[in-house]
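Q: Residue numbers (the working numbering), protein chains in the order written: chain A, 1 to 325; chain B, 1001 to 1300; chain C, 2001 to 2448. Quick one: structure below, then a few questions.
Written out as structure tokens, the structure reads:
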């Protein structure tokens, strides 16, 4: 059976590469035979078509269906108009979730970008840079469940006089007269604790993207700046950083979406208890516990609408990038 | 896009440059402090995981992992043994590969082609399509499950690897196109103009110019798609099933824990083991987007 | 960079070598639970053959459940004789995301043949939607009535049709203690007597009760289970049934009284580490302070499966000498000897010859005997010989059940999941702030 799997991987891999090559080359040639106008109009679709198709099936169709269902009752049989939206937005649980999701959106992208960029830039300056990058990358390779286990460990609480089993509290209680904190239970800390755990798993993502982008910036540019008398910091600020702006936008956008959709860590560690609910956990409960497709659809639609302002900002970026074509 | 090693040119005396060695030493310390600080914060939970995976379950449940340093002989391979002896663990590793490798490959090629079309070709609706595809990043996975399962059931694709690949490609394309578009759009026009003058067809340009130059972006994309697909649990359970013959590693590992969540100590070793493959992939891809060691040295 | 590449390669090779060295396709795992006596296995095989109509039948049955880890291994040993005798392959999928996976698969048109879950209320909802087959017809009502008690059958029935039969049972409301360090009553006549001792211990500076409510997404369930038990035995089985069926509101005084009784265990000075510890300690670790020197707490209220969990953490413990339980004393003098149970039920979605055979098999005494001999669960089958229980705790528990005046299912496993979730959360909220009881009860009532 293992042999079957290996065979599957090799055959599928070879087929995918071969078919892609054949598809694009043959399609190219086929379209070249058409009249100029048709050629111009259809050629892009040769390339964009497959992506658009797959995304249309897997994401657009369910997305539209969900929005549609949000105007119906829980079974999907009776039309209720905006009823689900009204009840959702007036639900105090949803209010807490909205507030928390807002907190995630503010903290997670910014912190990930800062940590990621810092390491992407500085790791190359030290000899143990590879280890540093590995330390940041490894958490991405950990599943949500395992990350939940690790951080439940880290945040463990024991009564004040007992010996602490959680790393955070063990470090905290090294300081004299400081009492351990129940990180997950205490509403003053729990949201930050969850965001911190997620940051741990995501900063490596930002780092890798920035590292790739930095790799593409020719060294000559910075050297030229240095030749002109700029200090290292100035060279970075006025030469490298502006070139990184598009990448910063990509990282921030992706992290913001991740923050909006944050689910796994919250679900595994608290399932929204103690005031840690986010939009995704509320939606999950509406969908799978209450089995209310209408309410779940409403929450999902609200979540999806949150991407609109982000996309408007990106539109500017796209305009700027596409101007050369 | 070769990264050439250049020696820092010596500045003429008339320029207002502080001599290199006067800058170097005080400058280096903050760098080390920051880097080491962040590394420590990131590495400590990993260290805790590593140490815990070698401790007997009873120790894990009662004391912190640093306590094990005080007691010699507190370590055991029993956790790893339990995971590896588990019926079907090795098979699940290959099941995971059978899911992840083709899905990643497919995502990368479909998205590279799509991003190329969107970034380098002019056509109506170009910006609209790009915006829509990227906006689809927000679609939560949970709402796609039932509609897709209905379609797949009627097409008899459930329980098949092919169905799961298509689903993962769908989930991965928005980010992939976003990332690659950002990269392709930044490529200098001269590249394409030169190719056009040589009479190269778009696909020729794509394969011989764009793809080779985009190695850093493609490599980082491949890593992420690989890792995200590798760690997926719910989608595999729904579309492929949790049966032993097809269960990927995430499902097999989740089956190590009892229904009420007890027995989770074993997840420490399971997590360490399931990290190995992504780590190997990361290291293998490193060369595509890491500056050479020498480039770092010249920067001082 | 070179070092990392080779190090990673070595690590990967090491893993592959290690995994290859382990037994690849073993039928049962090396750490098998208490192995069933060969006679029992042979009897089970015979029963399986009978269930399938005398001749081997190929094919497969898919089963979706919640089991994992060693529980799953134990359950698979019960299925093994069936597979061997009938040639039918049983494909078991265990997941903690059970509700999400089941619902998606049912709605998506790809349901499993059989389902096994402790969430009886969820199954009842499915039965209401007409998704589950009537096992009374599949197995035969006479067979069911011969093997299962009326109350167990009733729990798994809706409008006369049996949608689920129990596969395993846990006895609830047990008070666990460490005989070596506990000096209170081990057979108190009433709850008040036990609490009197506890109060005395608290006054002397100790914290008698161990409580651990954390359990990931299901946090709060230990409190909910205990409150459920208290309600059953304090307000009586009739009230309990009416409450379960929705005829008595959550806001009734009986509910408040049950919560208050539970509250006595988490009151000031009564619980180890205070309410913060109670809320943040994982239920599986709740008993740890019982074994420290000096012990942090002495009493833990939990069901039979807790015994296995504690001995997993402390493998050197001698059952009976260092860990024991007594059934929770009567809460109401006029309602003596009432016990609560919970357990997993099996339901059928796709009726095929293979799935029918498996359900018939699981309803037999022989299968029940195998369940009992795993040392993890009590068998729901009333024809199973009590002698089969080798595990100290299970043997004692089965004796308790035999001596019981009345045995009832815990109410919260029968309710729809939204209410159950609210109940679990209420356990947490109440522990945190008992004065908010009115609001807490209204919130749960609102989910109905």
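Every residue, glycine too, gets a C-beta built ideally from N, C-alpha and C.
(1) When the cut-off is 8 Å and only beta carbons count, does residue 2064 of chain C lie next to chain A?
(2) When we look at the beta-carbon of residue 48 of chain A and count the other beta-carbons within 10 Å, is it buried (16 or more) or exposed?
(3) Check distances from the C-beta atoms of the segment 2081–2100 of chain C to those of chain B and list, in chain order, the residues that come in under 9 Å.
(4) Strictly below 7 Å CB to CB, what residues from chain B border residue 2072 of chain C?
(5) Residue 2126 of chain C: which of C:2232, C:2415, C:2438, C:2300 sits nearest, CA to CA?
(6) With a threshold of 7 Å on Cβ separation, who are the neighbours of residue 213 of chain A within its own chain once the five nearest residues in sequence on each side are excluded?
(7) Is there a Cβ from chain E that is less than 8 Å from the Cβ of residue 28 of chain A?
(8) On the three-state DSSP scale, how would you describe residue 1 of chain A?
(9) Around the Cβ of residue 163 of chain A, are there at least 16 other Cβ atoms within 10 angstroms (buried) or fewer (exposed)?
(10) Tell me the residue span of the beta strand (DSSP E) that contains residue 2346 of chain C.
(11) Within its chain, find whatever has a CB closer than 8 Å to the CB of residue 1169 of chain B; leave out the 5 residues flanking it on each side and keep chain order.
(12) So with Cβ pairs under 8 Å, would you call residue 236 of chain A a contact of chain C?
(13) For the segment 288–311 of chain A, which residues have a beta carbon sitting closer than 8 Å to at least one beta carbon of chain C?
(14) Which residues in the same chain have their Cβ closer than 7 Å to the Cβ of residue 1181 of chain B, if we skip the five residues on either side of it in sequence?
(15) Can you name, in chain order, every residue of its own chain whose Cβ lies under 6 Å from the Cβ of residue 2261 of chain C, other than the five neighbours on each side?
(16) Is the shortest distance between the beta-carbon of residue 2030 of chain C and the beta-carbons of chain B less than 8 Å?
(17) Run through chain B and tell me which residues come within less than 8 Å of residue 2068 of chain C, C-beta to C-beta.
(18) Please return the same chain residues whose Cβ sits closer than 6 Å to the Cβ of residue 207 of chain A, not counting the five positions on each side in sequence.
(19) Evaluate residue 68 of chain A with the Cβ neighbour count: other Cβ atoms within 10 Å of its Cβ, from every protein chain shown; 16 or more gives buried, anything less gives exposed.
(20) Is the shortest distance between the beta-carbon of residue 2284 of chain C and the beta-carbons of chain B less than 8 Å?
(21) So which residues on chain B does residue 2105 of chain C lean against when the C-beta distance must stay under 8 Å?
(22) Residues of chain C with CB under 8 Å from residue 195 of chain A, in chain order?
(23) Taking buried to mean at least 16 other C-beta atoms within 10 Å of its own C-beta, is residue 2062 of chain C buried or exposed?
(24) So residue 2116 of chain C is in the beta strand (DSSP E); what residue range does that whole segment cover?
(25) For residue 2429 of chain C, tell me which candidate among C:2203, C:2094, C:2263 has the shortest Cα-Cα distance.
(26) Any heavy atom of the ligand MN closer than 7 Å to the Cβ of residue 2319 of chain C?
(27) Under the rule that 16 or more other beta-carbon atoms within 10 Å means buried, what is residue 2348 of chain C, buried or exposed?
(28) At what residue ranges does the segment 2254–2327 of chain C contain a whole run of the alpha helix (DSSP H), taking only runs of 4 or more?
(29) In or out: residue 95 of chain A buried (at least 16 other Cβ within 10 Å) or exposed?
(30) Could you work out which residues of chain B lie near residue 2295 of chain C, taking near to mean beta carbons separated by less than 9 Å?
(31) Beta-carbon within less than 8 Å of residue 2195 of chain C's beta-carbon, same chain only, minus the 5 sequence neighbours each way: which residues are those?
(32) Would you kindly work out how many angstroms separate the C-alpha atoms of residue 235 of chain A and residue 256 of chain A, rounded to a whole number?
(33) Tell me the residue span of the beta strand (DSSP E) that contains residue 2407 of chain C.
(34) Around the Cβ of residue 2157 of chain C, are there at least 16 other Cβ atoms within 10 angstroms (buried) or fewer (exposed)?
(35) Do the CB positions of residue 2299 of chain C and residue 2179 of chain C come within less than 8 Å of each other?
(36) What first and last residue would you give for the alpha helix (DSSP H) that runs through residue 2091 of chain C?
A: Checking against the coordinates, here is how it stands:
(1) In the third chain, counting from the first residue as 1, residue 2064 of chain C sits at position 64. Interface annotation, residue 2064 of chain C: not in contact with chain A, CB-CB separation never under 8 Å.
(2) Locating residue 48 of chain A in the first chain gives position 48, counting from the first residue. It is buried - the Cβ of residue 48 of chain A has at least 16 other Cβ atoms within 10 Å.
(3) Those would be 2091, 2092, 2093, 2094, 2095, 2096, 2097, 2098, 2100, in chain order.
(4) Against the third chain, residue 2072 of chain C aligns to sequence position 72. For residue 2072 of chain C, the chain B residues whose C-beta falls within less than 7 Å of its own C-beta are 1255, listed in chain order.
(5) Numbered from 1 along the third chain, position 126 holds the residue referred to as residue 2126 of chain C. Of the candidates C:2232, C:2415, C:2438, C:2300, the residue whose Cα lies closest to the Cα of residue 2126 of chain C is C:2415.
(6) Translated into the one-based positions of the first chain, residue 213 of chain A becomes position 213. The residues 244, 247, in chain order, have a CB closer than 7 Å to that of residue 213 of chain A in the same chain once the five nearest residues on each side in sequence are set aside.
(7) As a matter of chain content, chain E is missing from the structure shown, whose protein chains are A, B and C.
(8) Your numbering for residue 1 of chain A matches position 1 in the first chain. Of the three classes helix, strand and coil, the one that applies to residue 1 of chain A here is coil, per DSSP.
(9) Counting from 1 along the first chain, the entry for residue 163 of chain A is found at position 163. It is exposed - the Cβ of residue 163 of chain A has fewer than 16 other Cβ atoms within 10 Å.
(10) Taking the third chain and counting its residues from 1, the one referred to as residue 2346 of chain C is at position 346. Run containing residue 2346 of chain C: 2338–2348, per the beta strand (DSSP E) assignment.
(11) What you label residue 1169 of chain B is simply residue 169 of the second chain in a count that begins at 1. If we look at residue 1169 of chain B and ignore the five residues flanking it on each side, its Cβ neighbours are 1103, 1106, 1107, 1110.
(12) Looking up residue 236 of chain A in the first chain gives position 236. Contacts with chain C at 8 Å (Cβ-Cβ) do not include residue 236 of chain A.
(13) Per Cβ criterion, the list reads 288, 289, 290, 291.
(14) Position 181 of the second chain, counting from 1, holds the residue named residue 1181 of chain B. Taken in chain order, the residues that qualify are 1115, 1118, 1119, 1130.
(15) Along the third chain, one-based indexing puts residue 2261 of chain C at 261. In its chain, beyond the 5 residues on either side, 2230 have a beta carbon closer than 6 Å to the beta carbon of residue 2261 of chain C.
(16) For this step, residue 2030 of chain C is matched to residue 30 along the third chain. For residue 2030 of chain C, the pLDDT reaches just 35, beneath the cut-off of 50, and the residue's location in the model is therefore unreliable, although a value from the coordinates is still provided. Taking Cβ atoms only, chain B reaches closer than 8 Å to residue 2030 of chain C, which makes this a yes.
(17) Your numbering for residue 2068 of chain C matches position 68 in the third chain. Within chain B, the residues near residue 2068 of chain C are 1254, 1255, 1256, 1257, 1258, 1259, 1263.
(18) The residue given as residue 207 of chain A occupies position 207 in the first chain. Beyond the five residues adjoining it in sequence on each side, residue 207 of chain A comes within less than 6 Å, by CB distance, of 116, 119, 120, 136 in the same chain, given in chain order.
(19) As a first step, residue 68 of chain A is located in the first chain; it is residue number 68 there, counting from the start. With fewer than 16 Cβ atoms within 10 Å of its Cβ, residue 68 of chain A is classed as exposed.
(20) By one-based count along the third chain, residue 2284 of chain C stands at place 284. When Cβ-Cβ separations below 8 Å define contact, residue 2284 of chain C makes contact with chain B.
(21) Stepping through the third chain from its first residue, residue 2105 of chain C is reached at position 105. At a C-beta separation below 8 Å, residue 2105 of chain C has these neighbours in chain B: 1149, 1238.
(22) Locating residue 195 of chain A in the first chain gives position 195, counting from the first residue. Correct list: empty, because the minimum Cβ distance to chain C is about 19 Å.
(23) Counted from its first residue, the third chain places residue 2062 of chain C at position 62. By the neighbour-count rule (16 or more Cβ atoms within 10 Å), residue 2062 of chain C is buried.
(24) Here the question's residue 2116 of chain C lines up with position 116 in the third chain. Run containing residue 2116 of chain C: 2114–2117, per the beta strand (DSSP E) assignment.
(25) Numbered from 1 along the third chain, position 429 holds the residue referred to as residue 2429 of chain C. Relative to residue 2429 of chain C, the option among C:2203, C:2094, C:2263 whose CA is nearest is C:2263.
(26) This structure does not include the ligand MN; it has no bound ligands of any sort.
(27) On the third chain, residue 2348 of chain C is found 348 positions in, with the first residue counted as 1. Burial check for residue 2348 of chain C: the Cβ neighbour count within 10 Å reaches 16 or more, so the residue is buried.
(28) Correct list: 2274–2280, 2305–2313.
(29) Position 95 of the first chain holds residue 95 of chain A. With fewer than 16 Cβ atoms within 10 Å of its Cβ, residue 95 of chain A is classed as exposed.
(30) One-based indexing of the third chain puts residue 2295 of chain C at position 295. The contacting residues do not exist; residue 2295 of chain C stays about 13 Å from chain B at best.
(31) The residue you call residue 2195 of chain C lines up with position 195 of the third chain. Answer for residue 2195 of chain C: 2264, listed in chain order.
(32) Translated into the one-based positions of the first chain, residue 235 of chain A becomes position 235. Translated into the one-based positions of the first chain, residue 256 of chain A becomes position 256. C-alpha separation (whole angstroms): 29 Å.
(33) The residue given as residue 2407 of chain C occupies position 407 in the third chain. From DSSP, the beta strand (DSSP E) with residue 2407 of chain C extends over 2406–2409.
(34) As a working mapping, residue 2157 of chain C is identified with position 157 in the third chain. Residue 2157 of chain C should be labelled buried.
(35) Within the third chain, numbered from 1, the residue matching residue 2299 of chain C stands at position 299. Within the third chain, numbered from 1, the residue matching residue 2179 of chain C stands at position 179. Between residue 2299 of chain C and residue 2179 of chain C, the C-beta gap is not smaller than 8 Å, which leaves the two residues out of contact.
(36) Residue 2091 of chain C sits at position 91 when you count from the first residue of the third chain. First-last for residue 2091 of chain C: 2089–2094, but that is the beta strand (DSSP E), not the alpha helix (DSSP H).
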